[in-house]
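When you line the sequence shown up against the numbering used here, it's residues 1463 to 1932, in that order.
The beta carbon of each residue, even a glycine, is placed where N, CA and C say it ideally should be.
This one's a predicted model, so the numbers in the text were calculated from it and none came from an experiment.
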Amino acid sequence: MILATARAEAEGSASSVGSKEEIEFKFYRWKEDYSWLAKKDEPLTGYEQLKYMPLFGSPDNYISFGGEIRYRLDTFAPYLFDLNARQKDFASNQERIMLHTDVHLSKNFRAFMQVDASTEDGRVTTRAYDQSGLDLRQGFADFILPSADQGTLTIRLGRQELWLGPTRWLAVRDPTNIRRTFDGALVEYVNGGLTVRAFDAKPVIIDKGWFDDTTSEIETFKGVYAIAKKPLGAPFTVETYLMDREQESVRYARGTAREERWTLGSRVSGDIGPMKYAVEGAYQFGTFGTADISAFGFNSDISSGVGSLVGIPKESEIKPRFGFRTHYGTGDRNLNDGTFRTFAAPYPAASEIAEMSLIGLSNAINISPYLQFQLPHDIFIEVNWNWVWKDTVADSVYGPPGTILTAGSTARSVAEIAELQLEWDVNTFVKIEAVYAHVFAGDYISAAKGTDGARGSDSDYGRAQVMIRF
1463 MILATARAEA EGSASSVGSK EEIEFKFYRW KEDYSWLAKK DEPLTGYEQL
1513 KYMPLFGSPD NYISFGGEIR YRLDTFAPYL FDLNARQKDF ASNQERIMLH
1563 TDVHLSKNFR AFMQVDASTE DGRVTTRAYD QSGLDLRQGF ADFILPSADQ
1613 GTLTIRLGRQ ELWLGPTRWL AVRDPTNIRR TFDGALVEYV NGGLTVRAFD
1663 AKPVIIDKGW FDDTTSEIET FKGVYAIAKK PLGAPFTVET YLMDREQESV
1713 RYARGTAREE RWTLGSRVSG DIGPMKYAVE GAYQFGTFGT ADISAFGFNS
1763 DISSGVGSLV GIPKESEIKP RFGFRTHYGT GDRNLNDGTF RTFAAPYPAA
1813 SEIAEMSLIG LSNAINISPY LQFQLPHDIF IEVNWNWVWK DTVADSVYGP
1863 PGTILTAGST ARSVAEIAEL QLEWDVNTFV KIEAVYAHVF AGDYISAAKG
1913 TDGARGSDSD YGRAQVMIRF
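Spelled out as structure tokens, the structure:
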């Protein structure tokens, strides 16, 4: 969810240990740190002993266990704007279990292992990341080395989630049953407010059996990502990155070919009083077949607390917030010339434009005002509205991975989407989410035809999810 993503970003920029020193589950479970339990005065509870089990008589040596059980229901009426003849109205039931072990030996070595298993029923066509037998989702070793300048150097080797920073264009794909992981190496240097991460990896290919996932031999991902908090005393954070994704075969409206796509970008974020902002832009270059890539992408999220404007006291547990999200990804103006202008984010969240994950970021303009409410009892509500247009007429609308929605129309209006989201942290262990969205088909979608001749239409989406973490 958008709310969950925002809070995951916040935890990524904060210390991994809460200031209250209490059990706190992270969106990225490998970010959790329970070493503080070694300093607890009173005896550990049974559950705390599961999170911190000392080894070999040293507080720096310990093992921690955890996991997650999740049920999720997605409903579509109809799916993909009624343009998919095989899948019309359906409900997808998804279950997953994830278990992990985190071993720390001194302050210089750590090994993290996570396994998962997933099931799905309801979809006519099951996606690779919908279901799998028990498999190794993550398995990496960290070697932590002090540096001469008081910084810390960490070398991470193995299967891992690549969290580089809060860029919107690299996501772990949590809404699906099976999260995205890579096999490779990451080197991280941290010194005060400066963090630099360099990586070279290949995505993991998911198979349905037990422990049969493999490393891709036709795709690579490498680059550098740097974060500077309050550089030279400035009241904001700056992130800069250069990432390269190479694929043997990619399909766009102009055709299918080999692609090497570099993304050079920067993100600036901070607070000004009650206002929070994050602005990101990137230029892409490289080659697609015989064409040269020249594309641009932009996104922003600017919001402000508005409680004082509607008479809500600052100390109230009800905290309303109003904001705007935008996205722009260039499209291909001419499908036959030597310059390929379609923007394609490296590994974005499919739900960047609305939660039903049906409209991609390529050749897209998106504006979304939203209103959020933080309520008592850890309840979060968001209401938003999305306007989506094509950037260029010649290019297509890009849907779920591998899906191109093409219509014989010069219209640029794709859709308007009304959406309601709810999150409830019932307690430390249980979290409930719900989403409802209605899509008002724009002129372009209405002009498109499915394989059965049906025209694109309005559609509804609903989701209910229960997650238990431990």
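| query | result |
| --- | --- |
| Own chain residues within Cβ distance below 6 Å of residue 1483, not counting five before or after | 1498 |
| Under 8 Å between C-beta atoms of residue 1866 and residue 1858 | yes |
| Minimum length 3: unbroken beta strand (DSSP E) runs contained in the region 1649-1694 | 1656-1667, 1681-1691 |
| Ranges of the beta strand (DSSP E) found wholly within the region 1760-1809, counting only runs of at least 3 | 1781-1791 |
| Same chain, Cβ closer than 6 Å to residue 1691, neighbours up to 5 away in sequence not counted | 1655, 1699 |
| Residue 1835 versus residue 1775 - alpha carbon distance | 14 Å |
| Status (buried if at least 16 other CB within 10 Å, exposed otherwise) for residue 1504 | exposed |
| Bounding residues of the alpha helix (DSSP H) (the contiguous stretch that carries residue 1908) | 1905-1909 |
| Residues that residue 1923 bridges to, as DSSP identifies them | 1538, 1899 |
| Cβ neighbours of residue 1854 in the same chain (closer than 7 Å, five flanking residues each side left out) | 1793, 1794, 1795, 1825 |
| Residue 1645 vs residue 1621 beta-carbon contact at 8 Å | yes |
| DSSP three-state assignment for residue 1607, whether helix, strand or coil | strand |
| Exposure label - residue 1492; buried when at least 16 CB within 10 Å | buried |
| Proximal residues to residue 1911 (C-beta, below 7 Å), its chain only, five neighbours per side dropped | 1917 |
| Residues near residue 1703 by beta carbon distance below 6 Å, same chain, minus five either side | 1687, 1727 |
| Same chain, Cβ closer than 6 Å to residue 1787, five either side skipped, listed in chain order | 1763, 1830 |
| Bridge partner(s) assigned by DSSP for residue 1831 | 1786 |
| Whole-angstrom C-beta distance between residue 1750 and residue 1777, which should lie under 8 Å | In fact, because the Cβ distance is near 55 Å, the residues do not count as touching under 8 Å. |
| Alpha carbon of residue 1569 to alpha carbon of residue 1779, nearest angstrom | 40 Å |
| Contact with chain C by residue 1922, beta-carbon distance below 8 Å | In the structure shown, chain C cannot be found, because there is only a single protein chain. |
| Assigned secondary structure, residue 1499 (DSSP; H/G/I helix, E/B strand, else coil) | helix |
| Nearest candidate by alpha-carbon position, reference residue 1920, set 1590, 1639, 1908, 1890 | 1908 |
| Exposure label - residue 1832; buried when at least 16 CB within 10 Å | buried |
| Where residue 1631 sits in the DSSP three-state scheme | coil |
| Spatial neighbours of residue 1701 in its chain, beta-carbon cut-off 6 Å, leaving aside the 5 residues before and after | 1627, 1689, 1729 |
| Span separating the alpha-carbon of residue 1804 from that of residue 1648 | 29 Å |
| Residue environment, residue 1477, which counts as buried when at least 16 other CB atoms sit within 10 Å | Residue placement at residue 1477 cannot be trusted, given a pLDDT of 37 that sits under 50; the coordinates are not used to answer. |
| Nonlocal neighbours in the same chain, by C-beta distance under 6 Å from residue 1767, ignoring five residues either side | 1736, 1783 |
| Alpha carbon of residue 1799 to alpha carbon of residue 1847, nearest angstrom | 36 Å |
| C-alpha distance - residue 1640 paired with residue 1930, whole-angstrom precision | 16 Å |
| Three-state secondary structure (DSSP) of residue 1893 | strand |
| Inter-residue Cα distance where the pair is residue 1494 and residue 1517 | 18 Å |
| C-alpha gap between residue 1681 and residue 1592, whole angstroms | 21 Å |
| Cβ shell of residue 1546 (< 7 Å), same chain only, five flanking positions each side left out | 1912 |
| Cβ pair residue 1723, residue 1797 closer than 8 Å | no |
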